[in-house]
Each structure stands twice: as structure tokens, then as C-alpha cells.
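Each residue of the sequence shown is one higher than the one before, counting from 11 in the numbering used here. Worksheet for the structure shown next.
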Amino acid sequence: MQLHTRLNDTSSTTGTEPGGLPWHASPEQEVLARLETGPDGLTAAEAAERLRRLGPNTLLRKGGDGPLLLFWRQINNPIGWLLVAAGALALALRKPTDAAVVFGAVFINAIIGFIQEYRAGKAIEALSAMIPEATTSLREGRAVAVPADLLVPGDLVTLQSGDKVPADLRLIRVKNLLVEEAALTGESLPVAKQTDPVAPDAPLGDRVCMAYSGTLVVQGTATGVVVATGNSTELGRINALLNQTSRLETPLTRQLATVSSGITIAVVVVVAVLIAFGIWIKDAPVGEALMVAVSLAVAAIPEGLPAVITICMAIGVRRMADRRAVVRHLPAVETLGSTSVICSDKTGTLTRNEMTVQVAWLDGHEYRFSGIGYEPAGEIEHDGIRLAALPPTLEELLAIALLCNDAALRPEGDGWAITGDPTEAALVVAGRKGGLDDHELRGRHGRLDVIPFESDTKFMATLNRMEGGHRILLKGAPEIVLDRCVLSEPERRRIHEAMETYARQGMRVIACASKEADRAEDISPEDVAGGLTFAGLLCMIDPPRTEAMDAIRECHGAGITVKMITGDHPVTAEAIGRQLGLLQPDQTAMEGRRLDGLSGAELQEVALATNVFARVAPEHKIRLVEALQARGYVVAMTGDGVNDAPALKRADIGVAMGITGTAVSKEAAKVVLMDDNFASIAAAVEEGRRVYDNLVRSLAFVLPTNLGLACTLSVAMFFFPTVRVEGVNELLMAMSPSQTLWINLVASVTLSIPLAFEVLEPNAMHRPPRSPGEPVFSGFIVARLIVVAILMAAGGCGLFLWEYFRIVGPEPVTAARHALALAEAQTMCVTSITFTQVFYLLNCRSLRDSLLSQGVFSNPAIFIGIGILLLLQACFIYLPPLQAVFGTAPLDGRAWLYAMLAGAVVLPVISLDKWVRRHRHE
């Protein structure tokens, strides 16, 4: 088989050629042979030939939409075209002012939508930044600096501490190598690497003979052979998943799209009927009939709705930011309120990402440590009794853990930070809880020599000055330490039983031992090969956040299911899941590999029945999200790694970590948690429900205005008389197009914004999540919209006719009298509708309860909004520039009083409707 065939078959998923083993399951010599390379690397000519055939080591980027296309998309919709047509028609009828106002509304809405979409789709760019710019490779036996994008399969690459891995490597030489893979696998600790092959079906986190592109070397050195580059790497596979994964519409936007389509169809039908009626039944001039149609189109379309929704969500964004959740995409605010399943990562989100010693075991005795994280505050208990002083054996165990240790603890801000390995830092904290001062202890018992921890040996040993002579101190993996200790068989068996007990609880177990070293000045591996005295076990875990446990209980009370999806070991995941209350006694964690063979229906059942998933790959996360969405759930997914990005993008709401999260995950997500805390997600869901409730209030307030305006203009066309002005039939228009836009864009927006500041309803987090298919408006709200629209139209039409005929006087009607009467009557109609909005706003503070139920002054923004609108309405009526634009005329005090009384009718009517409905339910 030719080499180019083999190389083209390399894959991050299996890393194999047809009939061959995956790279991680193949011995290094076989890997080198299959890639036709050797210990001196490739020649320059061979590398250039492979680069020509296989392409550079870069990630393919899918082109995004440009700014112009994004802006065009905001106009290219049924309502947008209807408004454009209305503006063009007004322009053709020589009504430039009305046309300018309509086009202005279209432009404002397009700008609002454009701003919302412009920042989306940056995840691929952030992913590309994870590949380093240059690396060190062996070419013809010489180490040379090679741009990372010129690496090819078969190249030998050297790694050292601090390097980013430039491509997927099969390791062939390793020296004490630790690689941080959390961004790719979710593993909470750096992974110790070695060269021996692993099982063919080993999950990504267990392929310890591989180093993957984009991961970080934190310790040691290594040499590896490139087995995959560019889009064939694990990073490339995630890149492909990101390109394939599309964002979902939110439940609200889907329903509003349906409402918009319905409004468009209804407006077109009614406009056609009105034009025909005006021309053929009322014998009105074509121009007049068309202007009525323009007015109706402008009136019936809620031009202010995008602004209202955006402002309401923006207010929610600010509130969420105060609760440590930053929203990157405004619609995510509403989606949070309908979330029914939260799929959360473990490390740092549900847990503290701070290893904590919880148990010390020695001589059959168990000592429990209180306190969590790196804060050195806590107590030690034995059999439930707090220790006043440490037993000598426990003090010796903690002293060994402190002296055979390179970590340091320091205060930082309001908390504590570490220098060094998290496992060793946990031992320092445990020693301080026991009253030991690591600085004083290390100064008094100086270190003479050290055998550092290596992934091959799995232990660390130091030689220290102690009272009475020098002593060798040892800590490491329990099985390694026990093999070097002098123990009877019963003692060894009892220690193994304790190790297994704590391992089943998901704890990481460290063993300590020591022995006399006389006056030795240095130590060698032979000195620690045997003869040591076993000191005890220290058992630690990354503990659950206390606030996360409270938040999970709150989510369960709100009808939200919480699932943990992690790359960690199943035993650890299961133990944490039980502590968090995610697993029942008869439930267990499920490994990602068990999902591979499931059909779609089987996967849906497993996704619903299982709450803890371990050792999951990126495609597993996407499949789980899609399985839950297929069952009608609204899914929030949290994550911080590159491997999380496709699922974050696919979920209804992706939540990235602000502290530990990669740039890729943040760009793919819609919400970023600034404190990486699950409790902030629960707070964001609570805020999302408040935002949704307030959005529904705002919609219930805005839409009756559009229906009322449409009714007003329809009544005018069908039932108002035609007035003959100087020999020409004139249609009486209750409002002009520009006046309807004043109501839609100024009055409606000014009054609806204060509703976004309404407080959270008392039962908001005690009701189940709403169904994605549930309509925005229930039946009783729709009925209320109709009632309000009828009252609005009746008051506006009645006052218009009364004022017009009062001023115009008897026939014949002159053009001057007609213009004066029309301007004042239209102004009175608009003012009456504005007052109807003001009084209806008070009833919208609670859609079901009385206007006093929320507290009269609990939302001062309501009264501020009313005051601002009344001031704007006075400008609309009395300022000459606005009179010229909108065709208004001054009103006297009597007209204001009549308009206010007509608008106030809505207050007792809707209050009575609420009272009847409440008592009917009771």
C-alpha cells in the first residue's frame, strides 16, 4: 500500500489505516514503520512532498455572513417588505413625510437586529488560535524550528514544559511528561503520559501514549511522531462539528415568527378589502384609498416590538451580569427562562476544582477533615469527636505529606491560591488544618536531596534532617508505596481494603512512608526500594460546591432536571453525582463508549433515564443534547473546553466558564459565567423566568394597540361618512400613517419598557418550565387583547367623529375648515388611544391579579414612564416642528379631559375581568 493512501486514511477518531490498529493501540516502532519515518525524522524533500499532497496543518474555516448580508437579512422578511411597500406607496402618493417616517422605522428595526447578530459565529477563529505558530521538529537528524502549519504526518516533534502540542502525536520517548488536557477531554488534573500502547477502544482521556493538538505540556519532555494534522486531528474533528452545528431559534423567536407571518397575511387581506371598498363602494379617490391602506399597514404592524423585546432583554442582561452571568446573545435571556434540562460539566462548575483532603487513614483509624477547597480552615474529627491535639501517628503522617512536597499556599484577594501541583497543595492545606506550619516545618527539617515525582515511578522521595538523624520520606501511588514497605500480610490486606473503599467513593488516595537514613547526604532509587515504614493514607477529592448542591435542589423544585456530563473517570463522576443528589441508590454513571451502539430511540431513553455520564467525547455530548431536544426539552449545556464547543453551540442555551473556559467555548456559548459556578446558572434561570414573564407582559401591552389601531382605521373606512370638500369626496382618516407610527414607536415603547423592571413573581421558581410549543398567549390573554382593542377603537373613533363634526360645521365644507377639523380630531383620537395605553399599562403589571398585587410603588419605572410619555405627548401636540411632521393641532383642557376619560374606561373593565376569572378558578 502506498504511503499517500495510508496518510489520507489517518483520522482522529480511530487514527488508523484500513485493517490496522489505531495509533494509540500500536507499538511505536510499528507506527514509525507505517508512517515511513525513523529516528532522524523526514527529509526536507519528503516533508515538502507530503505537505503538497496533504495540505497545511491548519483548520478549515467556514466563511461567515458579511455585515451587508446580516443587515439585509433584517429587512428580508414579510413584515419588512410590507413596511417597505407602505413607505414606497406613500412616496408615490407624494407624502414624503409619511414615507420618511415609515422608512425610518424599517431602518431602526434593521439596525437593532443587525447588532444582535453581528458578534455571532466567532468560535472557529478562536479554535484556530489554539494551534501554536512554531515548533521544534527533527528533519534529517537535526532539530530545526518549523512553522506549525508546515508539519506533516511522519515528522518527529520534541516537546517541553510550556509547549502547546502542535499536532496529534504518538509519543515514542517520554520523560516525566504531564499534559493538561482539560480543554479537550474534561480531565480535571494533568495526565501523566507514557509510551506503551493502550486498548483500541480506550476513550480519549485514557490514551496516555498520545498528545493531542492544542493541549498544553505542564511538565517534562517528550518526542512524538505526527500522526494527524489539520482537520484530521482531534481539534480538527471538533472544528468540523462546529461547522456542522447550527444555532437553534429560541422558543419565543419561533412563536413570534409565526405571529409575524399571521399579522402579515391578515394585513394584506384587510388592506386589499379596504382599497376595494373605498374605491368601488365609497367612491373615494384612488390616492385617498391607498393612503388609508398605508395607514392600516403601518398601524397593524408592531414596529416598536423589536425595540421592546431588545430593551427588555438588555435589562435582563444587566441584571444577570450583576449575578455573575454575562449574556453574549440577547435571545438567550428568554431561553434561560424556559430551560427544562441543564447538562453541566463537573470540574469547577459543580465542584470547586480545588482538591481537598477529606480522610486520613492509619492503623485502622479514620480521621475526617472538615472544610473544603484551599482555605486552611477546618477541624479534624475521630469517631465524631473533634481532636483537641493530634495523635503522634497522625502528626507524623501530615509532617511527611508537608515535607515531601513542593507546593505552596498563599492568600490572594479574598481567597487562597496555590503554587505547584493541586494534589500536593491539598496536603499542605490538610497539614495546616492539623496545626502544622509548613514554612516552619520545612525550615526546621531542611531537605538534603530529592527524587522528584515521575509518571513512570509514581512516587516522590526526599531526604530530610530530622531529630536524631536523617530520614527518607516517601509519598505516592498506594500500590507503589506499599510494595516498598515492611508489612505483614493481614496489615497489607487491611490497607488494600481501605484503599478500595475510598477509591469507590471517588477519592484519590495517596500513601506515605518513611525510614531512617543514618547520616546519608543523598538518596538514590535503590534507597527507597524497600524497608520503609508505612505511615498512612490520605484521601482527597475535588468536592462539590455547597452552593451548587443548593442550586440543584432549587432547580429540582422548579421542575428542571440536572445532568452531569464529564470527561472524568466513572468512579469519580458517580461519587460526586451521589453527593450532589443527581443519582438515586440504584443508579450508576454511564460511560460515553456505551452510547456508541445505541439507536436514536434507545439514546433518547438513556438520555432521559441517566443523570451522570462519564468519559464522554464531543460527539457524545451533541448526541445527548439532540436526544433530549427530540423529546421536546429545552437544553442548557455548560462547558469550558474545546471539546465542549460543538455541544454548547447545538444546545438551546450554551453556558461557558469565564475563568477556566477556553476562548473557543466562550465564543460558541450564549452565556458566560464569570465565577464558573453552577449556582450562577440557577440564578440566571430565575432571572430568565422573570424576563420572560415581563416580556409576555410587554407583548400583552403592545399588541392590543396594533389591533386597536387597525380596528380604528377599519371602522373609519367602513362606517365613517364620506365628506364632500369643495366638490371632491374625501375619506375621513382617524389617523395618518405618521401618527400611527408615533403611537407604535413612541407611546408603546415608552410605556412597555417599565414593565421590564417588574419584580419576580413569588411562584416563579416553583412552577414547571413552560413547554417550547406552548403559545406565548393563552386564551384568556387573547380575549383580553380583543377587549382592549375594541375599547381603544371605540374611544378613539367616537372622539374623532365628535370633534371633527363639532369643528367643521354645516355644509358646504371648505378645504380650510376640513384641514383644521381633521388635524384636531386626529390629535384627539391619538391622545385618547394614548390614555387608553396608560391605564391599560397599570393592569398589565400583573396579567391575572389586581393592579395592587405587585405593590403600588414596587416598580417606580411605571410612573416615570407615564410621566415621560405625557411630556412627549404634549410636545407632539404643541411643538410646531412636530405639528408639521405629524399633522397635529393644539388641544384645550376640555379635549384632554375627554380623552383621559375615554382612555380610563379600560381600567375598571379589565379589573372586573380579572376578578371574574380569579373567582371562577377558585
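Here a beta-carbon is modelled for each residue, glycine too, at the ideal position from N, C-alpha and C. Treat the numbers as computed from the prediction; the structure is a model and nothing was measured.
{"query": "By a C-beta neighbour count over all protein chains shown, 10 Å radius and 16 as the cutoff for buried, is residue 596 buried or exposed?", "result": "exposed"}
{"query": "Measuring alpha carbon to alpha carbon, tell me which of 467, 166, 910, 81 ends up nearest residue 182.", "result": "166"}
{"query": "Assuming the contact rule is C-beta atoms closer than 8 angstroms, residue 912 and residue 845 should be a hit. Round their C-beta distance to whole Å, please.", "result": "7 angstroms"}
{"query": "Would you tell me roughly how many angstroms separate the C-alpha atoms of residue 14 and residue 46, rounded to the nearest one?", "result": "Note that residue 14 scores a pLDDT of 41, beneath 50, so its modelled location is shaky and nothing firm can be said."}
{"query": "Is DSSP giving residue 377 helix, strand or coil here?", "result": "strand"}
{"query": "Could you tell me how far apart the beta carbons of residue 230 and residue 191 are, in whole angstroms, since I believe they sit closer than 8 angstroms?", "result": "Not a contact, Cβ separation roughly 14 angstroms."}
{"query": "With distances taken from CA atoms, which of 308, 614, 831 is nearest residue 633?", "result": "614"}
{"query": "Hey, how far is the Cα of residue 560 from the Cα of residue 175?", "result": "39 angstroms"}
{"query": "Counting only runs that start and end within the region 201-259, where is the alpha helix (DSSP H) found for 4 or more residues in a row?", "result": "244-254"}
{"query": "Excluding sequence positions up to five away, which residues of its chain have a Cβ less than 6 angstroms from the Cβ of residue 708?", "result": "318, 322, 762, 765"}
{"query": "Are the region 745-758 and the region 677-689 touching, with three or more C-beta to C-beta distances below 8 angstroms?", "result": "no"}
{"query": "Taking only three categories from DSSP, how would you classify residue 543?", "result": "strand"}
{"query": "Assuming residue 475 is part of the beta strand (DSSP E), what are its boundary residues?", "result": "469-476"}
{"query": "Name the one or two DSSP bridge partners that residue 444 has.", "result": "Per DSSP, none; premise fails for residue 444."}
{"query": "Determine the DSSP secondary structure at residue 642, reduced to helix, strand or coil.", "result": "coil"}
{"query": "In three-state DSSP terms, what is residue 968?", "result": "Residue 968 cannot be examined here, being either before or after the span of the chain that is shown, 11 to 932."}
{"query": "Does the pairing of the region 432-440 with the region 497-510 give three or more beta-carbon distances under 8 angstroms?", "result": "no"}
{"query": "For residue 185, which residues does DSSP report across the bridge?", "result": "231"}
{"query": "May I ask you to report which of helix, strand or coil DSSP gives residue 523?", "result": "strand"}
{"query": "Counting only runs of 4+ residues fully inside the region 373-419, write out the alpha helix (DSSP H) ranges in chain order.", "result": "402-413"}
{"query": "Which two residues bound the contiguous alpha helix (DSSP H) that contains residue 515?", "result": "Neither: residue 515 is in no alpha helix (DSSP H) and is coded neither H nor E."}
{"query": "Report the three-state DSSP secondary structure of residue 654 (helix, strand or coil).", "result": "helix"}
{"query": "Let me know if residue 368 comes out buried or exposed under the rule of 16 or more other beta-carbons within 10 Å of its beta-carbon.", "result": "buried"}
{"query": "I'd like to check one pair, residue 221 with residue 179: are the Cβ atoms closer than 8 angstroms?", "result": "yes"}
{"query": "Bridge partners for residue 740 per DSSP, in chain order?", "result": "733"}
{"query": "Would you mind sorting residue 539 into buried or exposed? The rule is 16 or more other CB atoms within 10 Å of its CB.", "result": "exposed"}
{"query": "Report the three-state DSSP secondary structure of residue 428 (helix, strand or coil).", "result": "strand"}
{"query": "Tell me whether the region 562-581 and the region 385-397 touch, counting them as touching only if at least three CB pairs, one residue from each stretch, are closer than 8 angstroms.", "result": "no"}
{"query": "Cutting at 8 angstroms between CB atoms, please list the residues of its own chain near residue 276, excluding the five before and the five after it.", "result": "310"}
{"query": "Return helix, strand or coil for residue 536, following the three-state DSSP convention.", "result": "helix"}
{"query": "Helix, strand or coil for residue 892, going by three-state DSSP, please let me know.", "result": "helix"}
{"query": "Exposed or buried, which one is residue 885 when buried takes at least 16 other CB atoms within 10 Å?", "result": "exposed"}
{"query": "Use the C-beta contact count for residue 77: other C-beta atoms within 10 angstroms, 16 or more gives buried, fewer gives exposed.", "result": "exposed"}
{"query": "According to DSSP, is residue 918 part of a helix, a strand, or is it coil?", "result": "helix"}
{"query": "Candidates 499, 68, 853, 657: which alpha carbon is nearest residue 243's?", "result": "68"}
{"query": "Count the C-beta pairs between the region 806-816 and the region 871-881 that are closer than 8 angstroms, then say yes if the count reaches three, no if not.", "result": "no"}
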